[in-house]
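Just so it is clear: in the sequence shown, position 133 is 133 by full-length UniProt numbering, and no numbers are missing.
Don't be surprised by glycine CBs; every beta carbon is placed ideally from N, CA and C.
For clarity, every value in this text was computed on a predicted model and none was experimentally measured.
First the structure, in the form of structure tokens, and then the observations on it.
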Amino acid sequence: MQKISLSTPSEESDAAAEIASGAAKKPARASRAASPSYHHGDLRNALIVAGRRLLNEIGANELSLRHVARSVGVSIAAPSHHFEGKDGLLAAIASDGFHELAALRRGIVASTTDPLRRLYRIMECYVSFAEREKGLFYLMVGPRMWDKKKPPRELNALATSSFNLFASAVCEYASAKGWTDKDFELLVHAAWSVEHGVAMLILTNQVPGPGRKMKAEHMVQFSLSMLLNGIAAGPENFAQIESQVAPGSAAPDSARGGRKKR
């Protein structure tokens, strides 16, 4: 999964402004419904749209420039004018996904003033996006894009922009509950672990699993609410729990009347 460090608001603004000058148009998916036929003047966008659809149908391994070109109705050589091979196309598709996810999160930030509801909706949005765009989501967060020393610049900027909207919501909510900036990085990654873990459990058919009556939507609500409740309990309550579970901080079970060995 991508390694993203928290950036300052000014750094995010600089990145967003730079993207806005070029790549940050509406997500390619958004234009698909508006025009069922594509013009060659917008071929790059058309190829991304077709690539996203095929990605969700056949996966990244089977996807090829030939498939995408045939889907759009252009020559096999046409995509090479816009992308540096298959990896270039996949990076553009993943970038489009992060741009869409960031737009969804930005809409939540703009429409929700309560820190609790804002963070819950931003995390829920991540899970919903993963369920809706399974193939795209795997590409966005998987090793194909991020097992590189230097991921594509546009992809990294858009992923960071989306992540920072989430991170800011975590920090705002945590700050209101008495946490300080020294705690923020760990809190953000704990929250990230919850939203991403829930999404992956659903995508890998672990929830609902065979023989289980649990519904996926109930697990999402419960898991996110548990995380929010943990933050709401504040740093003092957390310190009490941590002191009991940290290595060497408590007596072994046997000293507290724990179960005898069998």
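Problem - Met-123 beta carbon less than 8 angstroms from that of Leu-224 - result: The residue you call residue 224 lines up with position 224 of the sequence shown. The residue you call residue 123 lines up with position 123 of the sequence shown. Contact flag set, yes.
Practice task
Classify residue 274 as buried or exposed, calling it buried when 16 or more other Cβ atoms lie within 10 Å of its own Cβ.
Solution key: No answer is possible for residue 274: the residues shown for the chain start at 1 and end at 262.
Exercise for the section: From the DSSP output, in three-state form, read off Met-214 for me. Expected result: Taking the sequence shown and counting its residues from 1, the one referred to as residue 214 is at position 214. Here Met-214 sits in coil by DSSP.
Handout entry: Bounding residues of the alpha helix (DSSP H) (the contiguous stretch that carries Pro-247)
Key = Position 247 of the sequence shown, counted from the first residue, corresponds to residue 247. Unbroken run through Pro-247: none, as it is neither H nor E.
Exercise for the section: Pull up the CB-CB distance for Leu-43 and Val-74, whole angstroms please, since I reckon it's below 8 angstroms. Expected result: Numbered from its first residue, the sequence shown carries residue 43 at position 43. Numbered from its first residue, the sequence shown carries residue 74 at position 74. Confirmed, Cβ separation roughly 7 angstroms.
Exercise for the section: Could you spell out where the alpha helix (DSSP H) holding Phe-98 opens and where it closes? Expected result: Looking up residue 98 in the sequence shown gives position 98. First-last of the alpha helix (DSSP H) with Phe-98: 85-111.
Problem - C-beta atoms of Arg-117 and Ala-169 nearer than 8 angstroms - result: For the purposes of this step, residue 117 is identified with residue 117 of the sequence shown, where counting begins at 1. For the purposes of this step, residue 169 is identified with residue 169 of the sequence shown, where counting begins at 1. Not a contact, by the Cβ cut-off of 8 angstroms.
Handout entry: Beta-carbon proximity check, Leu-90 vs Arg-144, cutoff 8 angstroms
Key = In the sequence shown, counting from the first residue as 1, residue 90 sits at position 90. In the sequence shown, counting from the first residue as 1, residue 144 sits at position 144. A contact, by the Cβ cut-off of 8 angstroms.
Practice task
Output the distance between the C-alpha atoms of Pro-115 and Trp-146, rounded to the nearest integer angstrom.
Solution key: The sequence position of residue 115 within the sequence shown is 115, counting from 1. The sequence position of residue 146 within the sequence shown is 146, counting from 1. Cα-Cα distance, rounded: 31 angstroms.
Exercise for the section: Just the C-alpha distance for Asn-205 and Ala-239, rounded to the nearest angstrom, thanks. Expected result: Within the sequence shown, the letter at position 205 stands for residue 205. Within the sequence shown, the letter at position 239 stands for residue 239. Cα to Cα, the separation comes out at about 35 angstroms.
Exercise for the section: Please state if the CB of Glu-195 and the CB of residue 269 are separated by a distance shorter than 8 angstroms. Expected result: Residue coverage of the chain in this structure runs from 1 to 262, which leaves residue 269 outside it and unanswerable.
Exercise for the section: Go ahead and label Ala-50 buried or exposed: buried means 16 or more other beta carbons lie within 10 angstroms of its beta carbon, across all protein chains shown. Expected result: As a working mapping, residue 50 is identified with position 50 in the sequence shown. Buried, since its Cβ has 16 or more Cβ neighbours within 10 Å.
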